[in-house]
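Working notes for the structure below.
2 protein chains.
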Amino acid sequence: MARTPRNDALILEVLGRNRRFRSCQEVHIVLVRRSSGQGKPPSLSTVYRALHRLVREGLLDTIRSPDGELLYRLCRTSDRHHHLMCRLCGRVEDVPQAEELSAALDRIGGASGFGGLDYTFELSGVCPRCS
Amino acid sequence: MARTPRNDALILEVLGRNRRFRSCQEVHIVLVRRSSGQGKPPSLSTVYRALHRLVREGLLDTIRSPDGELLYRLCRTSDRHHHLMCRLCGRVEDVPQAEELSAALDRIGGASGFGGLDYTFELSGVCPRCS
DNA sequence: ATGATATTGAAAATGGTTTTCATAACCATA
DNA sequence: TATGGTTATGAAAACCATTTTCAATATCAT
Numbered sequence: 012m013a014r015t016p017r018n019d020a021l022i023l024e025v026l027g028r029n030r031r032f033r034s035c036q037e038v039h040i041v042l043v044r045r046s047s048g049q050g051k052p053p054s055l056s057t058v059y060r061a062l063h064r065l066v067r068e069g070l071l072d073t074i075r076s077p078d079g080e081l082l083y084r085l086c087r088t089s090d091r092h093h094h095l096m097c098r099l100c101g102r103v104e105d106v107p108q109a110e111e112l113s114a115a116l117d118r119i120g121g122a123s124g125f126g127g128l129d130y131t132f133e134l135s136g137v138c139p140r141c142s
Numbered sequence: 012m013a014r015t016p017r018n019d020a021l022i023l024e025v026l027g028r029n030r031r032f033r034s035c036q037e038v039h040i041v042l043v044r045r046s047s048g049q050g051k052p053p054s055l056s057t058v059y060r061a062l063h064r065l066v067r068e069g070l071l072d073t074i075r076s077p078d079g080e081l082l083y084r085l086c087r088t089s090d091r092h093h094h095l096m097c098r099l100c101g102r103v104e105d106v107p108q109a110e111e112l113s114a115a116l117d118r119i120g121g122a123s124g125f126g127g128l129d130y131t132f133e134l135s136g137v138c139p140r141c142s
């Protein structure tokens with residue numbers, strides 16, 4: 012039975028607040044702020060390690076920001092990683108009509124001759140609120 | 012009229028040898044090897060700068076490797092960045108049936124309400140030769 | 001040639017991420 | 001509640017791709 016490191020819950024709670032992708036450093040800063048008064052926050056290394064673990068366990072989803080940072084957010088079951096990210100405010104929405112996209116991707120996978128297919132798909136633009 | 016830095020040609024020549032994506036460091040190593048005997052190779056910084064310039068000018072295409080490195084290759088006109096990369100050997104092929112994918116993406120773009128849409132799509136798997 | 005502008009190399013700085021290592025927390029069992 | 005083995009943690013250092021700095025060159029128009 013897997014022991015659950017005590018900080019995992021904290022981190023999941025932070026990521027659970029909304030569905031925006033956040034960098035490890037952002038998560039860490041939130042934890043630091045949040046804990047002023049009540050005990051020490053986990054260190055940056057611990058947050059990195061926890062995020063790795065959570066990704067490995069399938070609880071988190073990752074994408075890379077345009078400048079190469081790794082961003083994390085809570086997975087939604089059957090989430091096939093179709094995201095639409097606003098380049099200005101960073102908000103991420105689900106891609107509408109994702110079924111159509113999934114179908115196309117599956118067909119492509121089948122025709123490719125490749126095995127163990129996985130993909131990431133990142134759509135970015137400027138959201139209505141920002142434009 | 013734009014002057015062409017003398018190393019751009021060299022670098023394009025290296026990338027022109029095949030359609031695999033390469034990191035800046037890989038390109039640099041090739042240049043270093045290649046130039047044993049005939050004069051000094053360009054420095055790493057110069058290669059970085061040249062690659063930037065070539066991307067800016069639309070001659071190169073980039074993707075990020077799974078571990079966050081930026082990889083470059085020659086653009087093909089009307090290339091809409093649909094790549095299928097082998098996780099083992101790094102070979103990159105074009106995605107078959109890309110038209111279908113394009114169509115789906117265009118519809119999604121229309122339905123999203125986002126402006127200035129751009130996307131990257133990266134499909135990875137294990138190619139027939141490697142499996 | 002002359003001077004204005006752009007390119008280059010070498011080394012240092014950046015900055016996200018990972019590793020190290022010593023310490024502390026945890027858990028099962030006796 | 002000792003005991004010992006396993007895992008988590010923090011702090012600092014190491015990593016490593018990429019950028020920046022800055023002084024020295026090359027390049028171009030004239």
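Protein chains in written order, with this note's numbering: chain A, 12 to 142; chain B, 12 to 142. Just so you know, even glycine gets a beta-carbon here, dropped at the ideal spot from N, CA and C.
Any chain B beta carbon closer than 8 Å to S69 of chain A: Strictly speaking, residue 69 of chain A in this sequence is Gly, with Ser absent from that position. No, G69 of chain A lies away from the interface with chain B (no Cβ there is under 8 Å from its Cβ).
CB contact flag (S34 of chain B, L85 of chain B, <8 Å): In this structure, S34 of chain B lies away from L85 of chain B, with their beta-carbon atoms at least 8 Å apart.
Chain A contact for M12 of chain B (CB, 8 Å cutoff): Its pLDDT being 49, under 50, M12 of chain B is placed unreliably in this model, and the value from its coordinates should be taken loosely. Taking Cβ atoms only, chain A never reaches closer than 8 Å to M12 of chain B, which makes this a no.
Three-state secondary structure (DSSP) of R44 of chain A: Correct three-state label for R44 of chain A: helix.
Residue range of the unbroken alpha helix (DSSP H) whose run includes T57 of chain A: From DSSP, the alpha helix (DSSP H) with T57 of chain A extends over 55-67.
Where the alpha helix (DSSP H) containing D78 of chain A begins and where it ends: For D78 of chain A, there is no enclosing alpha helix (DSSP H), as DSSP marks it with neither H nor E.
Buried or exposed by the 16-neighbour rule on C-beta atoms within 10 Å, applied to S47 of chain B: Exposure of S47 of chain B is indicated by the presence of fewer than 16 other C-beta atoms within 10 angstroms of its C-beta.
Cβ separation of L112 of chain A and E104 of chain A, assumed to be a contact under 8 Å, to the nearest whole Å: That belief does not hold up - the Cβ atoms of L112 of chain A and E104 of chain A are roughly 14 Å apart, past 8 Å.
V25 of chain A versus A:S56, A:C138, A:L71, residue with shortest Cα-Cα distance: Distances from the alpha-carbon of V25 of chain A to those of A:S56, A:C138, A:L71 put A:L71 closest.
Contacts around M12 of chain A, its chain only, beta-carbon distance under 7 Å, and the 5 residues preceding and following it disregarded: Because the pLDDT of M12 of chain A is 48, which lies under 50, any placement of that residue in the model is unreliable, and the question is left without a value.
Minimum Cβ-Cβ distance from I2 of chain B to chain A less than 8 Å: This structure cannot settle anything about residue 2 of chain B, because the visible part of chain B is limited to 12 through 142.
is_contact[L95 of chain A, chain B] using C-beta, thresh 8 Å: Closer than 8 Å: yes.
Rounded Cβ spacing between G126 of chain A and V137 of chain B (contact assumed at less than 8 Å): Confirmed, about 5 Å.
P139 of chain A versus R44 of chain A - alpha carbon distance: Rounded to whole angstroms, P139 of chain A to R44 of chain A spans 31 Å at the Cα level.
Three-state class that DSSP yields for G126 of chain B in the structure shown: Here G126 of chain B sits in strand by DSSP.
Residue range of the beta strand (DSSP E) that includes V103 of chain A: From DSSP, the beta strand (DSSP E) with V103 of chain A extends over 103-105.
Delimiting residues of the alpha helix (DSSP H) encompassing L23 of chain A: Where L23 of chain A is concerned, the enclosing alpha helix (DSSP H) stretches over 17-27.
Beta-carbon contacts of F32 of chain B that lie in its chain and below 7 Å, excluding the five residues immediately before and after: Closer than 7 Å at the Cβ level, and outside the excluded window around F32 of chain B, lie I74, L82, Y83, R84, V103.
Within-8 Å CB hit, C138 of chain A to chain B: For C138 of chain A, the nearest CB of chain B lies under 8 Å from its own CB, placing it at the interface with that chain.
Cα-Cα separation between P16 of chain B and P52 of chain A, rounded to whole angstroms: Looking at the two C-alpha atoms, the distance is approximately 51 Å.
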